[in-house]
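K.L.:
Our numbering numbers the first residue of the sequence shown as 10 and each following residue consecutively. In this text, a Cβ means the ideal position worked out from N, Cα and C, and glycines have one as well. Given the structure is predicted, the values throughout are model-derived calculations rather than measurements.
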Amino acid sequence: MQCALLYLQDRSRALLETQNLLRTQVPNFTFNLGYSGKFYHTGTLAEDEGDDLLLKYVNEFWWFPHMWSHMQPHLFYNESVLAEQMILNKQFALVSTNWFDSIIKKLT
């Protein structure tokens with residue numbers, strides 16, 4: 010997954026730890042993370058493992074979709090292309106949720 014940078018395992022753990030620390034000061038504080046499905050598992054092995062660890066914590070965060078390839082919506086030339094990119098990302102999320110659930114069960 011790519012937000013601004015690919016996640017390594019230590020960054021994924023730090024994100025969860027920081028959120029928990031902030032919750033001691035701000036009740037129910039929750040990071041809102043965006044995802045672009047096209048970039049899932051496109052990094053190095055260490056970055057891909059970071060993707061997997063972040064998704065192990067999937068229920069700890071709030072998630073919102075970006076465009077499939079992280080393009081800015083105002084750059085699309087018509088609504089159908091914009092909708093197509095959003096549909097791709099939604100399909101990734103729906104398919105991946107089942108896959109991630111099965112992976113998480115194996116890891117725990």
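Could you work out which residue in Ser78, Ala92, Ala23, Val90 is closest to Gly43 when comparing CA atoms only?
P.N.:
Ser78
K.L.:
Please list the terminal residues of the continuous alpha helix (DSSP H) segment that includes Leu25.
P.N.:
18-34
K.L.:
Of the residues Lys47, Gly46, Met95, Gln18, which one's Cα is nearest the Cα of Ala55?
P.N.:
Checking every option, the nearest Cα to that of Ala55 belongs to Gln18.
K.L.:
Taking 8 Å as the threshold (C-beta atoms), are Phe40 and Phe70 in contact?
P.N.:
yes
K.L.:
I'd like the list of long-range same chain contacts for Leu14, defined as Cβ closer than 6 Å, with 5 residues on each side in sequence excluded.
P.N.:
With a pLDDT of 47 at Leu14, under the threshold of 50, the predicted position of this residue should be treated as unreliable, and no value is reported.
K.L.:
Count the other C-beta atoms from every protein chain shown that fall within 10 angstroms of the C-beta of Ser45, then say buried if there are 16 or more, exposed otherwise.
P.N.:
buried
K.L.:
Give me the Cβ distance between Asp60 and His50, rounded to the nearest whole Å; I'm assuming they're in contact under 8 Å.
P.N.:
6 Å
K.L.:
Would Tyr86 pass as a contact of Leu25 if the rule is Cβ separation under 8 Å?
P.N.:
Result no, Cβ atoms of Tyr86 and Leu25 do not sit closer than 8 Å.
K.L.:
Less than 8 Å between the CB atoms is what I'm expecting for Leu147 and Ser21, so what's the real figure, rounded?
P.N.:
This structure cannot settle anything about residue 147, because the visible part of the chain is limited to 10 through 117.
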